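Single-structure report; data block below.
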Amino acid sequence: MAATFVAATALWPIYRSTEFVVLVVVAFLLGVLVAVPGAVFHWPAWLVGLVTIALFLLAGVPLAIPGEALNRVLPSAQGMLDLLRATALGWKQLVTIVLPVGSYQALLVPALILVLLSTVAGLSIALRTRIGELAALAPAALFIAGIGLGPTRAATPIESGLGLFVVLLFWLLWLRSVRRHAIVRLVAQQSRRTIESAADRRLGAARGLVSAALIIAVAIAAGTVAAIALPVSVPRDVLRARVQQPFDPRSYPSPLSAFRGYLQPGAADEALLEVSGLPAGGRIRIAALDSYDGIVYSVGSAAVSSASGSFTRLPDRLDQSVIGGEQTSLAVTVDGYNGVWVPGAGALERIIFSGPTAGARSDSFFYNDNSGTGAVLTGLTRGDRYTSVAVMPREPATLAVLQPGTAILPPLDVVPDDLDQVLARYVGPGDPPGVQLQAMLDGLKADGYVSHGVGADEPVSRSGHGADRISQLFTDLPMLGDAEQYSVAAALLARRLGFPARVVVGFVPPATGGSGSVTVTGSDISAWIEVQSAEGRWVTIDPNPTVRDIPAKQPDKPAVVSRPQSVVPPAVPDTAEQRDPAPPERTIEDPPAPLDPLLALLLAAATAAGWVLLGLTVLAAPFLLIIAAKARRRRLRRTLTAPLDRIRGGWREFADAALDFGIDLPAAATRIEVAGAVGGPGPMAFASVVDEAVFAPARPGTVEADTIWASVAELRAGLSDGKKRRTRLAALVSLRSLGRYAGGASVLRSVRGKGGSAT
652 MAATFVAATA LWPIYRSTEF VVLVVVAFLL GVLVAVPGAV FHWPAWLVGL
702 VTIALFLLAG VPLAIPGEAL NRVLPSAQGM LDLLRATALG WKQLVTIVLP
752 VGSYQALLVP ALILVLLSTV AGLSIALRTR IGELAALAPA ALFIAGIGLG
802 PTRAATPIES GLGLFVVLLF WLLWLRSVRR HAIVRLVAQQ SRRTIESAAD
852 RRLGAARGLV SAALIIAVAI AAGTVAAIAL PVSVPRDVLR ARVQQPFDPR
902 SYPSPLSAFR GYLQPGAADE ALLEVSGLPA GGRIRIAALD SYDGIVYSVG
952 SAAVSSASGS FTRLPDRLDQ SVIGGEQTSL AVTVDGYNGV WVPGAGALER
1002 IIFSGPTAGA RSDSFFYNDN SGTGAVLTGL TRGDRYTSVA VMPREPATLA
1052 VLQPGTAILP PLDVVPDDLD QVLARYVGPG DPPGVQLQAM LDGLKADGYV
1102 SHGVGADEPV SRSGHGADRI SQLFTDLPML GDAEQYSVAA ALLARRLGFP
1152 ARVVVGFVPP ATGGSGSVTV TGSDISAWIE VQSAEGRWVT IDPNPTVRDI
1202 PAKQPDKPAV VSRPQSVVPP AVPDTAEQRD PAPPERTIED PPAPLDPLLA
1252 LLLAAATAAG WVLLGLTVLA APFLLIIAAK ARRRRLRRTL TAPLDRIRGG
1302 WREFADAALD FGIDLPAAAT RIEVAGAVGG PGPMAFASVV DEAVFAPARP
1352 GTVEADTIWA SVAELRAGLS DGKKRRTRLA ALVSLRSLGR YAGGASVLRS
1402 VRGKGGSAT
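The numbering of the sequence shown is my numbering, which starts it at 652 and goes up by one.
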């Protein structure tokens, strides 16, 4: 029981709910109701399986899908369908969703299956098999499954693993002690002699307890030191890290590409959203963009397996307490807005859809906590309603104190040609990063003018934010663009300064004071940037210039060409004054040349073969250990110094081989009785020869000992003659002889029955 409960703690980071605790307790009790009667009444395996399935179907809905149980006790028809569906599909759903999941939909079904099966299997093996130690594999498998289905960041405390180890170790020691005392009592009853004194038994028990305590202390100390000295700093390679996410943001157009569409005549005044609860000066986010290929800024990238490209389902809520800030509740009604991106504000904790489409929107909602971007596969349409609870992070008092963060963003493969020259014009060399960031923003706002280029009285301002358009922004006099261009330019310049930066598209509606409702229209569209500080927070920055009168476009100055009297070489510029104020965030290198197809195929085959070989080695390791232990025991017996000891060792080797081949030998039988149990003239003659060598007045010599061991090899071969290969392999890895002599060999060797020494 203790091992199952400790192992189930590995599933706690996945669920973190009261329903999960109830499920574990009840599932364990159901497993006991199956395994114990099965062992008492000797049920066959198929009957145990049928009873387990019946209890799973009967209790599955109330335990794993409590919302669909009649009076929370009886399964409903819809609940049974969801239970059967989750039995097959719940595993994939569990690794494609944000944790914890609580009791969301039918995601408790995998936990019920794991706990129930581990309980039934573990108790059945412990109560019904000769090798009860194998029952320890059931809770160990439950613990490993919890880690494999769990989060990529280590959430299972090391105390859980150590606790499981301690519980299993004590149980194995207790099981060994019970078997040893059973053998001692059996031998004492058959020989009618006192095998061990009470003092010896107490001394043996004390030694076992001290040994167990030392092993546990060493294991706990080693695990604690390893956890402190080598903390986990990289994500776990668990199942959810390998499963392809069902929502790929790269399959949808970038929301920044549609920026000018919101400002077109007729669309600028259209009501898109009705929002209440937005704090004063708050911004409504549509999506955060961190991937730039020189053409478009988009959400996520195939080049980086992190950040904004990984979207998962949000079943219950997220813990955003580490962010620090004020909690806000935003009520949104969708009007003219449509698309897959879900507008919101701050770091989302929970979202609740309402109205007739609540179920469809909730089931298709995906969220990326790194970028604070949400999406619904079915798309938002007019009439949708939802309430989002989020944390609005606190903004720093000044940007000058910021230091660059460590977030890894997709590389900038293409940048505008004049990016470094503009940065050198705005930023003073040698200044701290935060001061350089503030100077860059001030310069951009001072030189820039806002024009959407959609009105008849507005100067021409080309849409788009490709590298050529940003280069035009930098070179035009005056600098002319809108939030689409300025946000991209500011993000690229900030990344050049070493700050991880991304573009955020959203709405900036009129201030409401946080109490009333505001109607968001197309004219409220905007774009800004977020940079990450050294504390890991993403700081919101508005890089857009204030709206002001735009001066006339300056004419290009004609270049005056005249022949100089003498050719004067140009002066060498002072590179120290024009140096890049900060190294680029990432150096772009040419990709390595692809491998030859044949060599790549051979390497792939070798890699696959290596993993297969490693897996087979891990699976075969316990059996190889048993074979090695028997070989070492045989070598030690055969290389004893005294010939008489070698002869006795040869007999014990033959008796052990008989045990491994499934021959039941009496605990205190003489050699003649053992030979009779084995059967055949060979064993009888061998027993007589060994008895004669042991009890003869003259001590046997080396020749006699070598002859005995030659007979042992022949008799071992005779035991395997006519047996199937499966029987021979089973004897090779059998634990019967090891278990028999590990617990009572020293006792049995000290007892002598009638007609000869004990085996």
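In this text, a Cβ means the ideal position worked out from N, Cα and C, and glycines have one as well. Keep in mind it's a predicted model, so treat the numbers as computed, not measured.
For this session: Might you give, ordered along the chain, the residues of its own chain that have their beta carbon closer than 8 Å to the beta carbon of Asp-1020, omitting 5 neighbours on each side?
Result: Val-749, Leu-969, Ala-998 and Leu-999
For this session: Tell me whether Ile-1176 sits in a helix, a strand or coil according to DSSP, three-state version.
Result: strand
For this session: Identify every run of the beta strand (DSSP E) within the region 1005-1037, keeping only runs that are complete inside it and at least 3 residues long; order them along the chain.
Result: 1016-1019 and 1024-1031
For this session: Give me whichever residues DSSP pairs with Pro-655 in a beta bridge.
Result: Correcting the residue identity first, residue 655 is Thr in this sequence and not Pro. Its beta-bridge partners do not exist; DSSP assigns none.
Problem set entry | Pairwise C-alpha distance: Ser-961 and Val-746 | 12 Å
For this session: Give me the Cα-Cα distance between Ala-1026 and Phe-1017, rounded to the nearest whole angstrom.
Result: 5 Å
Exercise. Taking just the CA atoms, how far does Gly-1369 sit from Met-652?
Worked result: 45 Å
Problem set entry | Beta-carbon contacts of Ala-1134 that lie in its chain and below 6 Å, excluding the five residues immediately before and after | Ser-1177, Ala-1178 and Asn-1195
For this session: Using beta-carbon positions only, say whether Ser-1138 and Val-1154 come within less than 7 Å of one another.
Result: yes
Exercise. Would you say Leu-1143 and Leu-1050 are within 7 Å of each other, going by their C-beta atoms?
Worked result: no
Problem set entry | Short Cβ contact (7 Å threshold) for Ala-1118 with Pro-1061 | no
Problem set entry | Beta-carbon separation (whole angstroms), Ala-678 vs Leu-714, contact threshold 8 Å | 7 Å
Exercise. Is the beta carbon of Gly-987 sitting closer than 7 Å to the one on Ala-922?
Worked result: yes
For this session: Identify which residue in Tyr-755, Ser-927 and Pro-726 has its Cα closest to the Cα of Gly-1167.
Result: Ser-927
Problem set entry | Outcome for Leu-698 when other beta-carbon atoms lying within 10 angstroms are tallied against a minimum of 16 | exposed
Exercise. If you follow the alpha helix (DSSP H) that Phe-1346 is part of, which residue opens it and which one closes it?
Worked result: 1332-1346
Exercise. Three-state secondary structure (DSSP) at Ser-1213?
Worked result: Any reading at Ser-1213 must be qualified, since the residue scores a pLDDT of 44, below 50, and its modelled position is unreliable; the value itself is stated next. Reduced to three states, the DSSP call for Ser-1213 is coil.
For this session: To the nearest angstrom, report how far apart Leu-1275 and Trp-742 are at their CA atoms.
Result: 34 Å
Exercise. Can you list, in chain order, the residues of its chain whose CB lies under 6 Å from that of Met-731, leaving out five sequence neighbours each side?
Worked result: none
For this session: Would you please state the rounded distance, in angstroms, between the beta carbons of Ala-757 and Ile-716? I believe it to be under 8 Å.
Result: 5 Å
For this session: In the DSSP assignment, find the beta strand (DSSP E) that holds Tyr-1100 and state where it starts and stops.
Result: 1099-1101
Exercise. Which full runs of the alpha helix (DSSP H) of 4+ residues lie inside the region 1279-1317, going along the chain?
Worked result: 1294-1311
Exercise. Ala-939 and Ser-1022: beta carbons closer than 7 Å?
Worked result: yes
For this session: Taking only the alpha-carbon atoms, compute the straight-line gap between Ala-1140 and Pro-1047 and give it to the nearest angstrom.
Result: 22 Å
Problem set entry | Close-in-space but distant-in-sequence residues of the same chain around Leu-1366 (CB under 7 Å, 5 per side omitted) | Phe-1305, Gly-1333, Pro-1334 and Phe-1337
Problem set entry | Inter-residue spacing [alpha-carbon to alpha-carbon] between Pro-664 and Leu-674 | 15 Å
Problem set entry | Other residues of its chain near Tyr-903: CB distance less than 7 Å, five sequence neighbours each side excluded | Val-991
Problem set entry | Limits of the alpha helix (DSSP H) - the one that Val-677 falls within | 669-691
Problem set entry | Buried or exposed by the 16-neighbour rule on C-beta atoms within 10 Å, applied to Pro-1161 | exposed
Problem set entry | Start-to-end residues for the beta strand (DSSP E) that takes in Phe-1158 | 1152-1158
For this session: For Gly-1006, I'd like the list of residues in its chain whose CB is within less than 8 Å of its CB, leaving aside the five on either flank, ordered along the chain.
Result: Gly-1034, Asp-1035 and Arg-1036
Problem set entry | Alpha carbon of Gln-1054 to alpha carbon of Leu-768, nearest angstrom | 52 Å
Exercise. Can the beta-carbon of Leu-1148 be found less than 7 Å from the beta-carbon of Gln-1087?
Worked result: yes
Exercise. Around the Cβ of Val-1182, are there at least 16 other Cβ atoms within 10 angstroms (buried) or fewer (exposed)?
Worked result: buried
For this session: Taking 8 Å as the threshold, find out whether the region 1119-1132 comes into contact with the region 1037-1044 through three or more Cβ pairs.
Result: no
Problem set entry | With 16 other Cβ atoms within 10 Å as the buried cut-off, status of Gly-1313 | exposed
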